[in-house]
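In this note's numbering, the protein residues as written are 33 to 275.
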(Lines of atoms letter the chains of each structure in order from A; the text may use other names.)
(Lines give C-alpha, C1' and ligand atoms only; values in the text may rest on other atoms or scores of the structure.)
Protein backbone atom coordinates (compact mmCIF):
# COMPACT_ATOMS: atom_id res chain seq x y z
CA UNK A 33 0.00 0.00 0.00
CA UNK A 34 1.03 3.61 -0.35
CA UNK A 35 3.03 4.77 2.66
CA UNK A 36 0.70 7.74 3.14
CA UNK A 37 -2.22 5.34 3.62
CA UNK A 38 -0.63 3.39 6.48
CA UNK A 39 -2.34 5.70 8.95
CA UNK A 40 -5.69 4.21 7.89
CA UNK A 41 -4.66 0.88 9.44
CA UNK A 42 -3.37 2.34 12.70
CA UNK A 43 -6.67 1.60 14.45
CA UNK A 44 -6.27 -2.15 13.79
CA UNK A 45 -2.64 -2.27 14.91
CA UNK A 46 -1.16 -2.88 11.48
CA UNK A 47 0.95 0.22 11.14
CA UNK A 48 4.62 1.09 11.48
CA UNK A 49 6.39 3.69 13.58
CA UNK A 50 6.36 7.33 12.49
CA UNK A 51 10.13 7.17 12.00
CA UNK A 52 9.87 4.17 9.68
CA UNK A 53 6.97 5.72 7.80
CA UNK A 54 8.91 8.94 7.25
CA UNK A 55 11.95 6.98 6.10
CA UNK A 56 9.90 4.98 3.60
CA UNK A 57 8.34 8.11 2.16
CA UNK A 58 11.83 9.09 1.02
CA UNK A 59 13.39 5.69 0.30
CA UNK A 60 10.66 3.93 -1.68
CA UNK A 61 10.63 6.45 -4.56
CA UNK A 62 14.41 5.99 -4.83
CA UNK A 63 13.96 2.21 -4.85
CA UNK A 64 11.42 2.54 -7.65
CA UNK A 65 13.77 4.69 -9.71
CA UNK A 66 16.89 2.60 -9.10
CA UNK A 67 15.18 -0.66 -10.08
CA UNK A 68 13.16 0.93 -12.91
CA UNK A 69 9.85 -0.29 -11.48
CA UNK A 70 6.31 0.86 -12.20
CA UNK A 71 5.64 1.29 -8.49
CA UNK A 72 6.94 0.33 -5.05
CA UNK A 73 4.57 -0.19 -2.14
CA UNK A 74 4.89 -0.80 1.58
CA UNK A 75 3.99 -4.47 1.94
CA UNK A 76 4.33 -5.35 5.61
CA UNK A 77 6.35 -5.94 8.73
CA UNK A 78 7.42 -9.45 9.74
CA UNK A 79 8.42 -9.94 13.36
CA UNK A 80 11.36 -12.06 14.52
CA UNK A 81 12.56 -13.06 17.95
CA UNK A 82 15.26 -10.38 18.12
CA UNK A 83 14.25 -7.98 15.34
CA UNK A 84 11.68 -7.10 12.68
CA UNK A 85 11.80 -6.86 8.91
CA UNK A 86 10.06 -4.16 6.90
CA UNK A 87 8.98 -5.46 3.49
CA UNK A 88 8.33 -3.52 0.28
CA UNK A 89 6.93 -4.89 -2.98
CA UNK A 90 8.09 -3.78 -6.40
CA UNK A 91 5.66 -3.84 -9.31
CA UNK A 92 7.17 -4.32 -12.74
CA UNK A 93 4.35 -4.28 -15.29
CA UNK A 94 1.55 -6.25 -13.61
CA UNK A 95 -0.02 -5.47 -10.24
CA UNK A 96 -1.23 -9.03 -9.71
CA UNK A 97 1.92 -11.12 -10.15
CA UNK A 98 5.64 -11.13 -10.98
CA UNK A 99 6.49 -8.80 -8.10
CA UNK A 100 9.89 -8.46 -6.49
CA UNK A 101 10.35 -7.93 -2.77
CA UNK A 102 12.76 -5.96 -0.64
CA UNK A 103 13.54 -5.97 3.07
CA UNK A 104 15.24 -3.74 5.62
CA UNK A 105 15.14 -2.97 9.33
CA UNK A 106 15.20 0.83 9.24
CA UNK A 107 13.02 1.88 6.31
CA UNK A 108 16.09 3.12 4.41
CA UNK A 109 18.64 0.40 3.61
CA UNK A 110 16.66 -1.88 1.31
CA UNK A 111 17.98 -5.12 -0.18
CA UNK A 112 16.22 -7.38 -2.68
CA UNK A 113 15.02 -10.75 -1.44
CA UNK A 114 16.20 -13.76 -3.47
CA UNK A 115 14.11 -15.92 -5.77
CA UNK A 116 13.65 -19.37 -4.23
CA UNK A 117 14.33 -22.61 -6.03
CA UNK A 118 11.79 -25.42 -5.74
CA UNK A 119 14.09 -27.25 -3.32
CA UNK A 120 14.49 -24.16 -1.14
CA UNK A 121 10.72 -23.62 -1.06
CA UNK A 122 10.16 -27.24 -0.02
CA UNK A 123 12.79 -26.94 2.71
CA UNK A 124 11.23 -23.73 4.02
CA UNK A 125 7.79 -25.37 4.08
CA UNK A 126 9.17 -27.95 6.50
CA UNK A 127 10.50 -25.33 8.95
CA UNK A 128 8.29 -25.15 12.03
CA UNK A 129 9.90 -22.25 13.88
CA UNK A 130 9.51 -18.55 13.23
CA UNK A 131 11.97 -15.85 12.26
CA UNK A 132 14.99 -15.06 14.39
CA UNK A 133 15.50 -11.46 13.30
CA UNK A 134 18.98 -12.02 11.83
CA UNK A 135 18.92 -12.22 8.03
CA UNK A 136 22.15 -14.27 7.96
CA UNK A 137 20.94 -16.78 10.56
CA UNK A 138 21.54 -20.35 9.35
CA UNK A 139 18.48 -22.58 9.65
CA UNK A 140 19.96 -25.80 8.30
CA UNK A 141 22.61 -26.61 5.74
CA UNK A 142 22.66 -23.76 3.23
CA UNK A 143 19.17 -22.58 4.20
CA UNK A 144 19.28 -19.15 5.79
CA UNK A 145 16.73 -16.81 7.32
CA UNK A 146 16.47 -14.79 4.10
CA UNK A 147 15.07 -17.89 2.40
CA UNK A 148 12.44 -18.35 5.09
CA UNK A 149 11.58 -14.66 4.97
CA UNK A 150 10.90 -14.62 1.24
CA UNK A 151 9.00 -17.91 1.53
CA UNK A 152 6.67 -16.37 4.12
CA UNK A 153 6.18 -13.25 2.02
CA UNK A 154 5.36 -15.29 -1.08
CA UNK A 155 2.88 -17.49 0.78
CA UNK A 156 1.05 -14.51 2.24
CA UNK A 157 1.07 -12.66 -1.07
CA UNK A 158 -0.27 -15.69 -2.93
CA UNK A 159 -3.04 -16.47 -0.45
CA UNK A 160 -4.07 -13.07 0.86
CA UNK A 161 -3.28 -10.25 -1.59
CA UNK A 162 -6.51 -8.56 -2.68
CA UNK A 163 -7.89 -5.49 -4.41
CA UNK A 164 -11.38 -4.00 -4.49
CA UNK A 165 -13.55 -5.36 -7.28
CA UNK A 166 -13.06 -3.17 -10.34
CA UNK A 167 -9.80 -1.60 -9.17
CA UNK A 168 -7.71 -3.44 -11.78
CA UNK A 169 -8.22 -4.22 -15.45
CA UNK A 170 -6.43 -6.62 -17.77
CA UNK A 171 -3.99 -4.89 -20.11
CA UNK A 172 -3.70 -6.23 -23.68
CA UNK A 173 -0.15 -7.30 -22.77
CA UNK A 174 -1.63 -9.68 -20.17
CA UNK A 175 -0.74 -7.76 -17.03
CA UNK A 176 -3.11 -6.33 -14.44
CA UNK A 177 -3.04 -2.54 -14.30
CA UNK A 178 -4.92 0.09 -12.27
CA UNK A 179 -8.35 0.97 -13.62
CA UNK A 180 -8.42 4.76 -14.11
CA UNK A 181 -12.22 4.72 -13.82
CA UNK A 182 -12.24 3.08 -10.37
CA UNK A 183 -13.58 5.45 -7.73
CA UNK A 184 -15.64 3.42 -5.28
CA UNK A 185 -15.36 1.68 -1.95
CA UNK A 186 -16.61 -1.91 -2.13
CA UNK A 187 -19.27 -3.37 0.04
CA UNK A 188 -18.44 -6.41 2.15
CA UNK A 189 -17.28 -9.20 -0.13
CA UNK A 190 -16.39 -6.84 -2.98
CA UNK A 191 -12.77 -7.94 -3.24
CA UNK A 192 -10.79 -9.99 -5.75
CA UNK A 193 -7.78 -12.24 -5.14
CA UNK A 194 -4.73 -10.91 -6.96
CA UNK A 195 -3.18 -14.35 -7.32
CA UNK A 196 -6.22 -16.13 -8.77
CA UNK A 197 -7.22 -15.46 -12.37
CA UNK A 198 -10.44 -16.59 -13.99
CA UNK A 199 -10.31 -18.49 -17.28
CA UNK A 200 -11.18 -16.22 -20.19
CA UNK A 201 -14.80 -16.72 -21.22
CA UNK A 202 -15.16 -17.02 -25.02
CA UNK A 203 -18.83 -16.06 -24.73
CA UNK A 204 -18.00 -12.67 -23.26
CA UNK A 205 -16.66 -9.64 -25.06
CA UNK A 206 -12.99 -8.72 -24.79
CA UNK A 207 -13.88 -5.69 -22.68
CA UNK A 208 -15.87 -7.86 -20.26
CA UNK A 209 -12.98 -10.30 -19.91
CA UNK A 210 -10.57 -7.43 -19.30
CA UNK A 211 -12.76 -5.98 -16.57
CA UNK A 212 -13.63 -9.25 -14.82
CA UNK A 213 -10.56 -11.49 -14.80
CA UNK A 214 -9.81 -12.17 -11.11
CA UNK A 215 -11.63 -14.56 -8.78
CA UNK A 216 -13.65 -13.19 -5.84
CA UNK A 217 -11.41 -13.32 -2.77
CA UNK A 218 -14.11 -15.02 -0.71
CA UNK A 219 -14.11 -17.97 -3.14
CA UNK A 220 -10.41 -18.70 -2.56
CA UNK A 221 -10.54 -19.15 1.23
CA UNK A 222 -12.66 -21.09 3.74
CA UNK A 223 -16.13 -19.57 4.06
CA UNK A 224 -15.93 -16.75 6.59
CA UNK A 225 -12.15 -16.48 6.26
CA UNK A 226 -12.41 -12.78 5.45
CA UNK A 227 -14.07 -10.23 7.71
CA UNK A 228 -15.03 -6.79 6.41
CA UNK A 229 -16.17 -3.71 8.30
CA UNK A 230 -16.23 0.06 7.99
CA UNK A 231 -13.88 1.82 10.40
CA UNK A 232 -15.90 4.60 12.06
CA UNK A 233 -12.72 6.57 12.78
CA UNK A 234 -11.54 6.83 9.16
CA UNK A 235 -14.54 5.84 7.03
CA UNK A 236 -12.39 3.23 5.29
CA UNK A 237 -13.60 -0.28 4.55
CA UNK A 238 -11.20 -2.65 6.32
CA UNK A 239 -10.80 -6.30 5.32
CA UNK A 240 -9.16 -8.70 7.78
CA UNK A 241 -7.90 -12.21 7.01
CA UNK A 242 -8.52 -14.96 9.55
CA UNK A 243 -6.28 -17.30 7.55
CA UNK A 244 -3.29 -14.99 7.84
CA UNK A 245 -3.73 -13.09 11.14
CA UNK A 246 -2.18 -9.66 10.76
CA UNK A 247 -3.19 -9.21 7.11
CA UNK A 248 -5.42 -6.21 6.44
CA UNK A 249 -6.66 -4.50 3.29
CA UNK A 250 -8.46 -1.19 3.00
CA UNK A 251 -10.48 0.77 0.48
CA UNK A 252 -11.57 4.39 0.75
CA UNK A 253 -12.82 6.04 -2.40
CA UNK A 254 -10.22 5.45 -5.10
CA UNK A 255 -7.54 4.60 -2.53
CA UNK A 256 -6.86 0.99 -1.62
CA UNK A 257 -4.08 -1.32 -0.55
CA UNK A 258 -3.03 -4.04 1.85
CA UNK A 259 -0.44 -4.56 4.57
CA UNK A 260 0.70 -7.48 6.70
CA UNK A 261 1.92 -7.11 10.26
CA UNK A 262 2.71 -10.37 12.06
CA UNK A 263 5.10 -13.26 12.56
CA UNK A 264 4.40 -15.05 9.27
CA UNK A 265 2.35 -17.84 10.84
CA UNK A 266 -0.71 -19.18 9.02
CA UNK A 267 -3.83 -20.07 10.99
CA UNK A 268 -4.09 -23.75 10.12
CA UNK A 269 -7.18 -24.15 12.32
CA UNK A 270 -9.32 -21.51 10.61
CA UNK A 271 -11.62 -24.06 8.95
CA UNK A 272 -12.27 -25.69 12.33
CA UNK A 273 -12.84 -22.30 13.96
CA UNK A 274 -15.45 -21.37 11.35
CA UNK A 275 -17.26 -24.71 11.25
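Quick reminder that beta carbons are idealized off the backbone N, C-alpha and C, glycines included. What you are looking at is a predicted structure, and each value in this text was computed from that prediction instead of being measured.
Residue span of the alpha helix (DSSP H) that contains residue i, given as start and end
i	result
residue 48	Element bounds for residue 48: n/a, residue is neither H nor E.
residue 251	No alpha helix (DSSP H) contains residue 251, which is instead part of the beta strand (DSSP E) from 247-252.
residue 210	206-211
Under the three-state DSSP convention, the category residue i falls into
i	result
residue 276	With the chain covering 33 to 275 only, the question about residue 276 has no answer from this structure.
residue 67	coil
residue 259	strand
residue 94	coil
residue 156	helix
residue 84	strand
residue 169	strand
residue 272	helix
residue 232	coil
residue 55	helix
residue 161	coil
residue 227	strand
CA nearest to the CA of residue i, picked from the options
i	options	result
residue 225	255, 217 and 121	217
residue 101	157, 80, 140 and 65	157
residue 213	99, 167 and 266	167
residue 239	232, 233 and 247	247
residue 267	231, 222, 74 and 254	222
residue 43	264, 81, 232 and 52	232
residue 66	91, 262, 227 and 134	91
residue 82	130, 211 and 184	130
residue 36	264, 257 and 265	257
N- and C-terminal bounds of the beta strand (DSSP E) containing residue i
i	result
residue 25	There is no way to answer for residue 25, as the model of the chain reaches only from 33 to 275.
residue 191	191-197
residue 178	176-178
residue 241	237-241
For residue j and residue i, believed in contact at Cβ under 8 Å, the rounded distance
i	j	result
residue 116	residue 150	6 Å
Open item on the list: Is it the case that the stretch 231-246 contacts the stretch 47-54, given that we only count it when at least three CB pairs across the two stretches are under 8 Å?
Closed with: Not touching, per the Cβ criterion.
Open item on the list: Count Cβ pairs between the stretch 167-186 and the stretch 137-156 that sit closer than 8 Å; are there 3 or more?
Closed with: No, the stretch 167-186 is not in contact with the stretch 137-156.
Task: Contact between the stretch 194-203 and the stretch 94-105 (3+ Cβ pairs under 8 Å) - done: As far as the Cβ criterion goes, the stretch 194-203 touches the stretch 94-105, which means the pair count is three or higher.
Open item on the list: Does the stretch 52-60 come into contact with the stretch 105-115, if we say contact requires no fewer than three beta-carbon pairs (one atom in each stretch) closer than 8 Å?
Closed with: Judged by Cβ distances under 8 Å, the stretch 52-60 makes contact with the stretch 105-115, as three or more pairs qualify.
Open item on the list: Pairs of beta-carbons, one from the stretch 116-134 and one from the stretch 68-76, closer than 8 Å: are there three or more?
Closed with: These segments do not touch.
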